[in-house]
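The numbering used here numbers the first residue of the sequence shown as 385 and each following residue consecutively. By construction, the Cβ of each residue, glycine as well, lies at the ideal position given by its N, Cα and C atoms. What follows is one structure encoded as structure tokens, with my remarks underneath.
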Amino acid sequence: MDDFDSLAETSDLSDEVDDEDAWLIDSITRYRSINMYEIEAPTRVIELLPSSHQQPECAIIGSSFENSALNDVQIVKLPLPTEAESSIHPEHDLSIDSGGFTHLQVHTAKSIHSSSCFAVSGPPFGAVEIWTSEADANETSGGSLRCLLTLNQQEQAATVSCRQLASSSILPQRLVVASTFSDITSYDITNPTQPTSFRHICSQRDNISSDQTDSIISIDYIHHNSEKNELVCCTAGGTLALIDMRTATTVQSSNILASPLRVASMDVSHNNSPLIVVSDEKGTLRILDARKLDRVLAMSAAPVIKISGSVSRVPTVCPIQVKFSPFSDTIVSLSGLDASVRLYSTQTFHTPEDKVSSEPFFLHGGHERNTRVLAHQWHPTIPWLVYSSTDDAHLDGWIPEAKYQLRV
């Protein structure tokens, strides 16, 4: 029996090697550039820092060990594509610019506009930490990273595992923190002891749920009309609400899902468009207009996922992420279902009545097949450059070959 087991293990290893070789050969025709990095721990966060913080290729990553007393918060220098027509760079080390330790498992991070600060949040307390990154004056090292203060450390510690974060250039040096519709707070980080709370506004609205179990899973500013200063909030239960941050009033709200489905992720267009994309826990994508939240414009049914021996090392929170391309409101990306990142054209989506699954026009399959993508992020200034990380502590930076880059 031992001989048969040994032969089986050898066969499995041989298959994996063959798969890797085949993927590398295939990558030459599929990617213009791909860099593969090993990081110290799995990360749910890839938050790129604007050039006002650090170099534009720097990003915040944070470890999320479930049973660790201390976790990492790091600023790393992400790989940028080379000028070569097609460049494949297998695994190598990632350069760390600066780092620090936190008692939180870092599940969300947000750079704060017009400042050198960023915020992180996560279990087990649901607290929010404000960190600052400061360049080294003699430029002999990357710089220093330190936690300035902690918000919400004790409030609702038993019920809130992570708070969602938003920042906008419209209101510089301000951070919006939310966990439920009855717990939305805006902080001026120059004076965080005097926050502006929106609890009394939202909880008075009959059409807004104040259920403490219906947690907000995403918040972001709508960018199509900067004068309005509007924030979109989405809950796991499927409630979308548009809040006017100037008057602290709820403009409109709607529930887009039928129970027992749950929302996993939401994003808003960054191309002066009112469009919103939402993914449920199965990967069904819905496109909505922030001006009319009660109507789904288009959707794509959940893709068929085949996972063989998948291992999730950070399993407690659904890692599904959906994001708009920063260069087009017709390109969206989806990850967290398996070891891949899917790129879709929303122009291939169908009406909600059709319930048809659209095929992605590109699928990044560079991660190990028995892993799960925990986070991905588009580069804000380099077209088609995407970063993705997995639960086996690897990070890829990749650009599809030109033939896969849809004209937008």
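Outcome for residue i when other beta-carbon atoms lying within 10 angstroms are tallied against a minimum of 16
i, result
"E518", "exposed"
"L779", "buried"
"P767", "exposed"
"L454", "exposed"
"L532", "exposed"
"A786", "exposed"
"Q731", "exposed"
"I444", "buried"
"N419", "buried"
"I606", "buried"
"S479", "exposed"
"D567", "buried"
"I783", "buried"
"R428", "buried"
"P703", "buried"
"Q489", "buried"
"K494", "buried"
"T735", "exposed"
"T577", "exposed"
"T580", "exposed"
"S452", "exposed"
Straight-line gap, residue i to residue j (C-alpha atoms, nearest Å)
i, j, result
"E422", "D477", "6 Å"
"T536", "A511", "The sequence shown places Asn at residue 536, rather than the Thr named in the question. Taking the straight line joining both Cα atoms gives about 5 Å."
"E743", "A723", "17 Å"
"A550", "Q761", "16 Å"
"D678", "D776", "39 Å"
"D598", "V757", "25 Å"
"I715", "S545", "31 Å"
"A632", "E614", "10 Å"
"T755", "T413", "24 Å"
"K676", "E424", "44 Å"
"L645", "Y571", "33 Å"
"L718", "Y415", "18 Å"
"T765", "G483", "25 Å"
"Q705", "A759", "7 Å"
"S553", "I409", "44 Å"
"A642", "G622", "8 Å"
"Y788", "G750", "16 Å"
"I689", "S411", "22 Å"
"P426", "V560", "26 Å"
"L555", "G720", "32 Å"
"P465", "D481", "19 Å"
"E737", "C442", "43 Å"
"V740", "R670", "12 Å"
"E513", "C501", "10 Å"
"I660", "A674", "7 Å"
Inter-residue CB distance, residue i and residue j (contact presumed, cutoff 8 Å)
i, j, result
"I640", "L672", "7 Å"
"S563", "I603", "Between I603 and S563 the Cβ distance is about 10 Å, and since that is not below 8 Å, they are no contact."
"A682", "F746", "Not a contact, Cβ separation roughly 19 Å."
"V460", "G446", "That pair is no contact at about 11 Å."
"S773", "I496", "Incorrect: roughly 22 Å between the Cβ atoms, too far for contact."
"P710", "H654", "5 Å"
"S684", "Y728", "7 Å"
"P508", "H491", "Not really, about 11 Å apart at Cβ, beyond 8 Å."
"S505", "R547", "5 Å"
Closest Cα partner of residue i within the set the options
i, options, result
"K666", "L659, A648 and S545", "A648"
"W515", "S581, I573, V561 and K707", "I573"
"L624", "P644, T580, V680 and Y571", "V680"
"S657", "F708, L790 and K494", "F708"
"M650", "S637, I480 and C618", "C618"
"T668", "A686, T580 and Y728", "A686"
"T486", "G781, R530, S498 and I480", "R530"
"G330", "L790, R791, T774 and L769", "The structure shown does not extend to residue 330, since the chain is modelled only from 385 to 792, so the question has no answer here."
"L433", "H491, P736, Q489 and S498", "S498"
"Q636", "A620, V652, V616 and R630", "V616"
"L790", "S712, T735 and P508", "S712"
"R630", "C442, A503 and K612", "K612"
"R726", "D738, P736 and Y771", "Y771"
"F565", "T634, C501 and R753", "T634"
Sheet register partners of residue i (DSSP bridge)
i, result
"M683", "R670 and H734"
"E513", "V504 and T534"
"P793", "A query on residue 793 cannot be resolved here, the shown segment of the chain reaching from 385 to 792 and no further."
"S729", "I715"
"L555", "S552"
"Q636", "L626"
"N455", "T486"
"A759", "S773"
"C442", "K461"
"D567", "T564"
"A642", "Bridge partners of A642: none, in fact."
"D651", "V661"
"D572", "R558"
"E614", "D628"
Within-8 Å CB hit, residue i to chain D
i, result
"S553", "The chain inventory of the structure shown lacks chain D, comprising one protein chain alone."
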